[in-house]
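In UniProt numbering, the protein residues as written are 1 to 567. Encoded as structure tokens, the structure appears first; notes follow it.
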């Protein structure tokens with residue numbers, strides 16, 4: 001429901017911290033145990049901008065790699081226009097850079113059912129850029145796009161330059177063979193082309209900045225299903241070079257996921273080669289390649305929601321790491337995630353990791369403890385959202401794009417079927433943090449979690465949010481006691497069948513209909529009140545009946561049965 005996000009895969013040799021940056025900003029951080037890791041809950045803030053991943057090992061070493069992130073332009077409907085305007089100050093994650101105001105805007109227009117035009121601009125005091133492109137639905141051949149960006153810029157301690165960047169992208173999903181080409185792209189930039197972040201980052205107050213202007217980049221990501229019971233294969237690759245320092249990056253990763261009965265396994269290989277200008281006008285290079293095997297076995301027959309896993313990692317030069325872990329979910333709705341891990345290495349290295357995350361209706365909290373031969377570390381964190389609205393403040397889980405504010409006054413602690421970890425707060429409000437923009441989404445309250453004194457005539461509301469919007473889903477419930485009322489007239493006869501009954505003084509009261517023998521079911525009642533009864537338009541065909549419900553002892557609930565005389 002949250003839209004497209006790339007899966008970040010890597011291999012850590014030790015207890016490590018993983019930092020992910022996009023467009024100069026840190027967008028994600030987590031801690032991982034030794035072995036293969038996979039990050040699936042990271043949602044970039046923009047539609048493009050490669051992800052720069054840094055794995056900081058506990059021994060001080062680092063490994064860095066790039067995950068291309070760019071989706072094909074959205075193919076909007078014919079004659080549909082979408083636009084976005086942003087203005088603010090540039091503040092990168094690294095300090096010491098001037099906070100320069102900037103503005104950017106994008107627009108997408110559906111010319112026909114298969115052709116979409118898009119364009120945009122960026123403007124700052126030392127940078128201006130215009131872009132235009134088109135996306136085309138190729139039918140059975142997939143979808144493709146092409147665009148060009150013209151930029152004018154002034155780097156610090158450099159002359160004004162201008163240049164172009166040309167890009168083509170392609171995507172295809174072949175259902176018959178189970179092949180998915182997530183993104184295949186090529187970009188060429190002329191020598192004078194710079195991005196906004198490159199230019200603004202050059203105005204660093206510490207006086208140190210190395211310009212690295214991209215020249216060529218080619219990337220490909222393919223996922224292939226191998227058939228029922230045979231698993232899947234994924235391949236991704238990246239090749240890029242730069243104008244300024246003869247630096248080149250090459251990387252490839254191959255992974256296979258499979259299963260045999262209840263046992264799942266993963267075999268992966270990654271290779272990264274970094275080349276840069278050396279001190280003697282030559283080139284220096286660094287190669288990094290790793291092989292990993294992971295086997296996971298569920299223990300649900302003995303411990304519900306629990307699994308155990310074994311990992312083997314071999315990396316150059318001659319390093320072999322092994323680890324065993326156990327983890328799972330606990331508590332109602334599996335809201336608690338936990339794991340324990342112990343690892344060993346042929347380099348006389350050992351490590352351990354304990355971690356737990358609780359996902360609640362008002363956000364999530366996490367904590368972890370890890371150790372190795374030379375250090376110990378404790379980490380903890382919390383994330384969520386705070387929404388201020390006309391009726392007050394509501395806490396919820398982390399919002400990534402469009403969201404829904406549920407308003408059900410008086411219906412406290414009612415669960416949502418959309419996500420069992422979300423429930424209304426003490427006032428009857430909740431946040432559904434991930435819905436798809438421009439699509440109809442049904443928000444449903446779970447009637448089985450309503451209190452004994454709660455009734456909800458309509459449990460589902462439909463919303464269609466725009467991108468980044470927070471929309472309301474309003475519910476009107478009946479809060480109060482329930483009763484079967486036997487209505488009689490002043491002469492002692494039963495009120496006629498089909499008479500309409502309303503609770504006097506309650507504007508939200510829904511009419512109830514009298515059944516056989518003068519019986520009517522009413523909800524949302526207070527201890528005392530008045531019922532208005534009508535079975536015709538004349539004064540003789542309507543009356544009011546006062547009632548008093550029996551006193552309850554403690555927290556007793558249920559449906560009362562009373563008799564009331566209509567006068």
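Glycine included, C-beta positions come from ideal geometry on N, C-alpha and C. In this text, all values refer to a predicted model and were calculated from it rather than measured experimentally.
Residue 32 counts as buried, since no fewer than 16 other beta carbons sit within 10 angstroms of its beta carbon. According to DSSP, residue pairing for residue 152 in a beta bridge involves 128, 162. Take the alpha-carbon of residue 147 and the one of residue 136: they are about 12 Å apart. In the DSSP assignment, residue 240 falls within the beta strand (DSSP E) that extends over 232–242. Counting only the Cα atoms, residue 55 lies some 20 Å from residue 267. When rounded, the separation of the alpha-carbon atoms in residue 336 and residue 328 is 8 Å.
For residue 474, same chain residues with a beta-carbon under 6 Å away, outside a window of 5 residues either side, are 407 in chain order. The C-beta distance from residue 468 to residue 398 rounds to 14 Å, too long to fall under 8 Å, and the pair is not in contact.
Collapsing the DSSP output to three states places residue 449 in a helix. If you check the CB distance, residue 276 and residue 191 do not come in under 8 Å. In this structure, DSSP gives residue 135 an extended state, which the three-state scheme calls strand. If you look at residue 197, you'll find it isn't in any beta strand (DSSP E); it sits in the alpha helix (DSSP H) that goes 196–201. With respect to residue 124, residue 200 sits close: the two C-beta atoms are nearer than 8 Å.
In terms of Cβ geometry, residue 203 and residue 98 form a close pair [threshold 8 Å]. Closest by C-alpha distance to residue 104, out of 129, 110, 81, 117, is 129.
Taking C-beta atoms as the reference points, residue 15 and residue 339 fail to come closer than 8 Å. Less than 8 Å divides the Cβ of residue 214 from the Cβ of residue 189. Contact annotation: residue 431 and residue 403 have beta-carbon atoms nearer than 8 Å. Residues of the same chain with a CB within less than 7 Å of the CB of residue 342, apart from the 5 flanking positions on each side, are 323, 324, 352 in chain order.
For residue 293, the CB contacts under 6 Å within the same chain, skipping 5 residues up- and downstream, are 267, 312 in chain order. Under DSSP, residue 101 takes part in a beta bridge, and its partners are 89.
Taking a 10 Å sphere around the C-beta of residue 309, we find 16 or more other C-beta atoms and assign the residue as buried. Apart from sequence neighbours up to five positions away, the residues of its chain that approach residue 90 with a beta-carbon distance below 6 Å are 100, 102, 200, ordered along the chain. Between residue 110 and residue 78, the gap from beta carbon to beta carbon is short of 8 Å. Between the alpha carbons of residue 298 and residue 259 lies a gap of roughly 12 Å.
Here the segment 429–446 makes no contact with the segment 371–380; the two share fewer than three CB pairs at distances below 8 Å. For residue 462, same chain residues with a beta-carbon under 6 Å away, outside a window of 5 residues either side, are 440, 442 in chain order. Rounded to whole angstroms, the separation of the alpha carbons of residue 348 and residue 17 is 21 Å. Looking only at 234, 157, 516, 421, the smallest Cα-Cα distance to residue 363 is reached by 421.
Straight through space, the alpha carbons of residue 345 and residue 118 are spaced by roughly 52 Å. Counting only the Cα atoms, residue 51 lies some 22 Å from residue 121.
Proximity to residue 499 across 493, 514, 492 peaks at 514, based on C-alpha coordinates. For the beta strand (DSSP E) assignment, the uninterrupted runs of no fewer than 3 residues enclosed by the segment 370–448 are, from N- to C-terminal side, 376–383, 385–389, 392–396, 403–407, 419–423, 429–432, 441–444. For residue 14, no beta strand (DSSP E) segment is defined, and its DSSP state is neither H nor E.
Minimum Cα-Cα distance from residue 80 among the listed residues 217, 113, 249 corresponds to 113. For residue 473, the uninterrupted beta strand (DSSP E) run begins and ends at 470–474, by DSSP.
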